[in-house]
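First the structure, in the form of structure tokens, and then the observations on it.
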Ligand SMILES: [Zn+2]
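Numbering (this note's numbering), first residue to last: 245 to 714.
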């Protein structure tokens with residue numbers, strides 16, 4: 245798939261909606277081979293709810309799609325294992341912080357696995373990176389962007405940072421110097437100097453620092469850990485829309501003030517999930533987790549299917565009826581795949597080799613995904629293609645496999661995979677054919693050799709050529 249896609253990168257580049265510019269842009273990574281991506285991870289004091297999980301599914305599709313285009317991905321996702329909410333939970337449940345965070349971190353990764361979400365290359369914990377955060381805060385103080393308050397906390401001075409607000413565009417007209425907010429989460433009309441280091445309070449965990457004992461604020465954690473593992477400038481930063489302000493705005497301010505370099509090049513945000521048209525809330529009794537879905541007998545991947553039916557930038561309405569329909573559709577695709585495989589095994593597979601038409605269909609799938617992750621279009625395309633008369637069952641199975649590399653619905657569940665001609669070779673053979681037509685026989689022969697090195701043979705015939713496994 246990698247090489248196939250490599251050839252198509254130029255024909256239909258990846259386009260992504262960048263929240264920073266407010267536009268769909270052609271994706272051009274800083275380094276042409278490895279895409280570096282940062283994802284705001286969970287605060288591990290509770291089970292992830294289905295709204296959080298929707299965001300992780302969108303980020304996984306993004307990651308898989310970038311890989312399908314021939315890039316390697318290096319993704320970092322933080323684990324917030326110290327913050328206001330965790331401390332509150334520890335105090336009310338009378339449990340040690342570590343006991344709470346270890347338990348929920350494990351549950352979180354179990355959820356990702358059930359949803360077929362690929363695990364990021366690095367998942368650093370905040371409490372294991374305090375020294376990096378202290379160093380970054382010190383740098384901001386040294387450069388005049390941060391100051392210590394009387395109680396020993398440290399704040400970022402937003403009036404010192406010229407570009408403050410470039411992501412979320414808050415109203416800055418009423419800003420007064422040294423007006424501060426010490427909470428990690430606050431509203432846009434409360435835009436103020438935000439906390440980098442929180443002075444120790446009674447009965448709270450703390451670390452030593454040049455400004456006295458305390459603990460880091462939430463925002464500095466993501467800047468310190470992303471830059472440690474991805475460098476001062478990297479490609480993509482993702483999260484939910486509720487992170488845009490203040491969290492991501494503050495991340496940009498801290499990082500760019502410290503380095504004087506652009507922080508993340510592309511900012512992607514997943515929209516909210518509603519339940520029966522309402523915002524999810526524990527008090528409303530509509531706060532669901534993946535366990536609730538499993539308890540009702542649903543395959544967790546039916547939730548993934550449901551999410552893929554709505555574009556990640558649109559609000560999604562969750563209902564049990566919709567989930568039920570998604571489960572039926574998921575099973576339908578799996579059954580279709582099984583029946584195509586049966587056809588192949590019963591001996592029809594040798595009739596003809598994969599057509600160029602198949603390759604064109606695959607390109608259409610990748611094209612839709614490259615257009616800012618149009619997953620719903622791909623699902624619709626799959627259903628149409630299954631009925632396509634010009635394709636044989638082996639080709640239809642191949643299409644399902646191809647799309648599923650990115651959709652991640654485990655459509656091959658329980659099925660033995662047969663040997664198929666890799667796309668890379670189909671593309672190489674096409675290239676060779678083109679060269680021959682142009683009379684470049686020497687170059688054409690070199691490609692033939694490359695195909696042979698991979699264990700396949702090219703046989704020319706009156707209709708063109710055939711690729712055969714040796
Ligand atoms: Zn973050």
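Beta carbons are placed, not taken as given, at the ideal position from N, Cα and C, and that holds for glycine.
With DSSP run on the structure shown, which of helix, strand or coil describes residue i?
i, result
"residue 576", "helix"
"residue 389", "coil"
"residue 463", "helix"
"residue 560", "strand"
"residue 686", "helix"
"residue 441", "strand"
"residue 378", "helix"
"residue 270", "strand"
"residue 435", "coil"
"residue 491", "helix"
"residue 345", "helix"
"residue 517", "strand"
"residue 359", "coil"
"residue 656", "coil"
"residue 721", "Residue 721 falls outside the range modelled here, since the chain spans only 245 to 714, and no answer is possible."
Quick one: what's residue i bridged to in DSSP?
i, result
"residue 279", "317"
"residue 478", "508"
"residue 701", "712"
"residue 366", "320"
"residue 424", "437"
Rounded to a whole number of angstroms, what is the C-alpha to C-alpha distance between residue i and residue j?
i, j, result
"residue 695", "residue 701", "7 Å"
"residue 443", "residue 335", "18 Å"
"residue 271", "residue 257", "7 Å"
"residue 363", "residue 455", "36 Å"
"residue 282", "residue 474", "8 Å"
"residue 277", "residue 319", "14 Å"
"residue 483", "residue 711", "44 Å"
"residue 420", "residue 435", "10 Å"
"residue 415", "residue 333", "34 Å"
"residue 451", "residue 275", "37 Å"
"residue 297", "residue 517", "10 Å"
"residue 637", "residue 603", "15 Å"
"residue 635", "residue 601", "8 Å"
"residue 708", "residue 489", "58 Å"
"residue 584", "residue 605", "17 Å"
Can you have a look at residue i and say buried or exposed, based on whether 16 or more other CB atoms are within 10 angstroms of its CB?
i, result
"residue 685", "exposed"
"residue 409", "buried"
"residue 692", "buried"
"residue 511", "buried"
"residue 375", "exposed"
"residue 413", "exposed"
"residue 431", "exposed"
"residue 572", "exposed"
"residue 422", "exposed"
Kindly confirm or deny that the segment 458-468 and the segment 436-445 touch, where touching means at least three C-beta pairs closer than 8 Å. yes
Decide if the segment 548-564 is in contact with the segment 296-312; the criterion is three or more beta carbon pairs, one per stretch, under 8 Å apart. yes
Taking contact to mean at least 3 C-beta pairs separated by less than 8 Å, is the segment 285-301 in contact with the segment 347-355? yes
Just checking, does the segment 667-684 make contact with the segment 616-625 on the three C-beta pairs under 8 Å criterion? no
Segment contact, 8 Å Cβ cut-off, at least three pairs: the segment 487-503 with the segment 356-371: no
Taking one C-beta from the segment 572-581 and one from the segment 528-536 each time, how about it: are there three or more such pairs within less than 8 Å? no
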